[in-house]
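Protein chains in written order, with the working numbering: chain Z, 28 to 430; chain L, 28 to 430.
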């Protein structure tokens, strides 16, 4: 591949990142209550005022990461918005649950009253992600401690006792391992450890190892298939749940593992991450007829029961871009850059909105935009800018621009 | 419309009903544990053994209704399957909840162990529906009493105290009225009262009146729009939840109301049902580009956040067929038969599977089959045969064949 092509990628990616940041800075801030509107129509109007905690935490993280690491985003406006988002989270996200325990809400009203609580760990996880990164920007040691305390609680739920999540124990509900859980925890281990030196890194080392081992348990059928759900012993589960594949998720796990190998230097794990979590899911998840990555697949070729299984969503394509560029940066194998290009061409042809900026999120199998909003209950300021920022940085590194 | 066309409708509908019953009798019975497999692939193979309680109750009801009212389905095979389904439900569906209370599970393993409990009333409602109809076939008075006791519990949750459902009370979760709840209860009131004489009819009369009043509360904007969710006082709710429309659901409510007017003779209500719950939602919910009814709409024209909003599902088309034929039978207005024909032509062109029998359930906006199974977690032996049975009966009546 020519240097010129790589320069073109970099230039376009940089422009898209600027447009994406502009869009959210312009449309998502709530000057009255703090926090962020995330239900934004194609042109940025707020079509629903609910505030989703996952997306609040993610936007705080993304703003701080941009502010802290990219000179052109080191602005007062971005810093103040991140602080206001953090303050909103700290003030409103924690709510009392049953029996005196508390959880983070999943969804809040505009002024911060809890609407819904999920019986999972993810609201808490994005709370940790946002507050830890904010504490790095502001130097707020209390906030960092708060993030670490919340992390302890999440690890306790996951590794020791899930009863605080509030799910009833049912005799037919066989305990299982969802790949989302160790992926999320590994992401937090990397967040909390990064640049903090040996004592903190050691503190999270065991959790990190556990996450990697758990993720690898989802590699089944002699390394030929990543399955979203397996038994706690790493065996296949019966039925649709056991056969479910989510190519975008596998690709994301792939680059999480690659990042982990950069830190710990594990050649076998790097090979597995690239072959089984990146190349495999990409080839089996790519639509040969219309291009793009399917949202869900069934490993035995049954029809998934998710109505949206054949749709093309923005975030699996973001994960694929990051995964292939990172795999190329690690190995310099040209076929990985070819795959990156294939994803890049599909992604930049279909998702960016030339008219109003930012990306559409939801296409039909054939590539038609079917939900035209830029933000919604599950699409915020996260996958698009994280992907663009990481790809810009990796291209700088590949092009030798980062010196 | 010519009598000949009506005869053609009737013949095709009768054939489809026979093929549909054949499909489920052949593929869905579990001879080992009782109850029904509902995850059936295109050709009838079981692709998941989970047993969804909604669908168990509905299949018991449908078998018994066919056995009891249609001579050609008055067979030992159907009766025995219905009994085995009822026995499975009575043995396994009720599970202990928190604080000594119980609920019906949403989903069971093949051998009847609870997998999941929803914090809503619907599993209990389909339990009532199935057992009451089964008690009519078997003459089992205990079973009828059990169905009525469960109904009392549901009414208590809905009208007096929802705490037994297990949902936490959250400060931002404004109490609201979902149209599904009074529709479901009205359906049960009609089921439990039918043919049982004045004492029972009187017993449920007040609940029935409450349901009708609650359903009418969802008619908003001067009678021009049916909204799925309103406040408990009948005001519009903010945001996506408040603007949501579900054309198939409105059409189903329309024929529920028409059935109610047949019983109580209410001309104004008949007019409202036809104009506002049947004709209005049909015209605003019909896709002018590709035909068929959208699954969801936003009353102000925003994009719904449900990924499947533009898909064409089998059941709204079933409800539309019943609604228009019933409206025509009540009024003999020819334009209602024209609408029936429009829905009939789309439905019979797209949903039945000429190869393996039964209907596909899920099409893209353009009408392509995108999930090719015949049964799944939400598609069982219910909407298709209920629609076909009711349409066959109504066509018999319209054609003067029912004497």
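Heads up, the beta-carbon is just placed ideally off N, CA and C, and yes, glycines get one too. Treat the numbers as computed from the prediction; the structure is a model and nothing was measured.
8 Å Cβ cut-off: residues of chain L touching residue i
{"i": "residue 391 of chain Z", "result": "391 and 392"}
{"i": "residue 252 of chain Z", "result": "Within 8 Å Cβ-Cβ: nothing; residue 252 of chain Z doesn't reach chain L, min ~17 Å."}
Assumed close pair residue i, residue j - CB separation to whole angstroms, cut-off 8 Å
{"i": "residue 449 of chain Z", "j": "residue 206 of chain Z", "result": "Since the first and last residues shown for chain Z are 28 and 430, residue 449 of chain Z lies out of range."}
{"i": "residue 198 of chain Z", "j": "residue 141 of chain L", "result": "6 Å"}
{"i": "residue 321 of chain L", "j": "residue 314 of chain L", "result": "6 Å"}
{"i": "residue 97 of chain L", "j": "residue 296 of chain L", "result": "In fact, because the Cβ distance is near 29 Å, the residues do not count as touching under 8 Å."}
{"i": "residue 219 of chain Z", "j": "residue 159 of chain Z", "result": "6 Å"}
{"i": "residue 170 of chain Z", "j": "residue 155 of chain Z", "result": "With 8 Å as the limit, residue 170 of chain Z and residue 155 of chain Z do not qualify as a contact, their Cβ atoms being about 11 Å apart."}
{"i": "residue 319 of chain Z", "j": "residue 373 of chain Z", "result": "5 Å"}
{"i": "residue 62 of chain Z", "j": "residue 112 of chain Z", "result": "6 Å"}
{"i": "residue 270 of chain Z", "j": "residue 325 of chain Z", "result": "5 Å"}
{"i": "residue 421 of chain L", "j": "residue 356 of chain L", "result": "5 Å"}
{"i": "residue 213 of chain Z", "j": "residue 242 of chain Z", "result": "7 Å"}
{"i": "residue 42 of chain Z", "j": "residue 409 of chain Z", "result": "Rounded, the Cβ-Cβ distance is 19 Å, inconsistent with contact."}
Neighbour list for residue i in chain L, Cβ cutoff strictly below 9 Å
{"i": "residue 144 of chain Z", "result": "195 and 197"}
Chain-ordered neighbours of residue i on chain Z, where CB pairs are closer than 7 Å
{"i": "residue 329 of chain L", "result": "68 and 74"}
{"i": "residue 136 of chain L", "result": "199"}
For residue i, the three-state DSSP class (helix, strand or coil)
{"i": "residue 49 of chain L", "result": "helix"}
{"i": "residue 298 of chain Z", "result": "helix"}
{"i": "residue 341 of chain Z", "result": "helix"}
{"i": "residue 74 of chain L", "result": "strand"}
{"i": "residue 322 of chain L", "result": "coil"}
{"i": "residue 257 of chain Z", "result": "strand"}
{"i": "residue 63 of chain L", "result": "strand"}
{"i": "residue 228 of chain Z", "result": "helix"}
{"i": "residue 398 of chain L", "result": "strand"}
{"i": "residue 97 of chain L", "result": "coil"}
{"i": "residue 140 of chain Z", "result": "coil"}
{"i": "residue 196 of chain Z", "result": "coil"}
{"i": "residue 276 of chain L", "result": "helix"}
{"i": "residue 331 of chain L", "result": "coil"}
{"i": "residue 426 of chain L", "result": "coil"}
{"i": "residue 410 of chain Z", "result": "helix"}
{"i": "residue 265 of chain L", "result": "coil"}
{"i": "residue 68 of chain Z", "result": "coil"}
{"i": "residue 336 of chain Z", "result": "coil"}
{"i": "residue 58 of chain L", "result": "coil"}
{"i": "residue 381 of chain Z", "result": "coil"}
{"i": "residue 27 of chain Z", "result": "Here chain Z covers residues 28 to 430 and nothing more, so residue 27 of chain Z does not appear."}
{"i": "residue 289 of chain Z", "result": "helix"}
{"i": "residue 311 of chain Z", "result": "helix"}
{"i": "residue 186 of chain L", "result": "helix"}
{"i": "residue 135 of chain Z", "result": "strand"}
{"i": "residue 176 of chain L", "result": "helix"}
{"i": "residue 270 of chain Z", "result": "helix"}
{"i": "residue 128 of chain Z", "result": "coil"}
{"i": "residue 146 of chain L", "result": "coil"}
{"i": "residue 5 of chain L", "result": "Outside the shown range of chain L (28 to 430) lies residue 5 of chain L, about which nothing can therefore be said."}
{"i": "residue 123 of chain L", "result": "strand"}
{"i": "residue 203 of chain Z", "result": "strand"}
{"i": "residue 247 of chain Z", "result": "strand"}
Proximal residues of chain Z, C-beta to C-beta of residue i below 9 Å
{"i": "residue 404 of chain L", "result": "267 and 332"}
8 Å Cβ cut-off: residues of chain Z touching residue i
{"i": "residue 398 of chain L", "result": "330, 331, 332, 334 and 336"}
{"i": "residue 141 of chain L", "result": "197, 198, 199 and 200"}
Residue i CB to nearest heavy atom of the ligand PLP below 7 Å
{"i": "residue 45 of chain Z", "result": "Inclusion of the ligand PLP in the displayed structure is not the case, the ligand content being empty and no account of it being possible."}
Classification of residue i by the beta-carbon crowding that lies within 10 angstroms, buried from 16 upward
{"i": "residue 291 of chain Z", "result": "exposed"}
{"i": "residue 298 of chain L", "result": "exposed"}
{"i": "residue 130 of chain L", "result": "buried"}
{"i": "residue 29 of chain L", "result": "exposed"}
{"i": "residue 251 of chain Z", "result": "exposed"}
{"i": "residue 164 of chain L", "result": "buried"}
{"i": "residue 32 of chain Z", "result": "exposed"}
{"i": "residue 365 of chain L", "result": "exposed"}
{"i": "residue 162 of chain Z", "result": "buried"}
Residue i: contacting residues in chain L (beta-carbon distance under 7 Å)
{"i": "residue 77 of chain Z", "result": "266"}
Original post:
When you check each C-beta in the region 409-429 of chain L against every C-beta of chain Z, which residues fall closer than 7 Å?
Top reply: Correct list: empty, as no residue qualifies.
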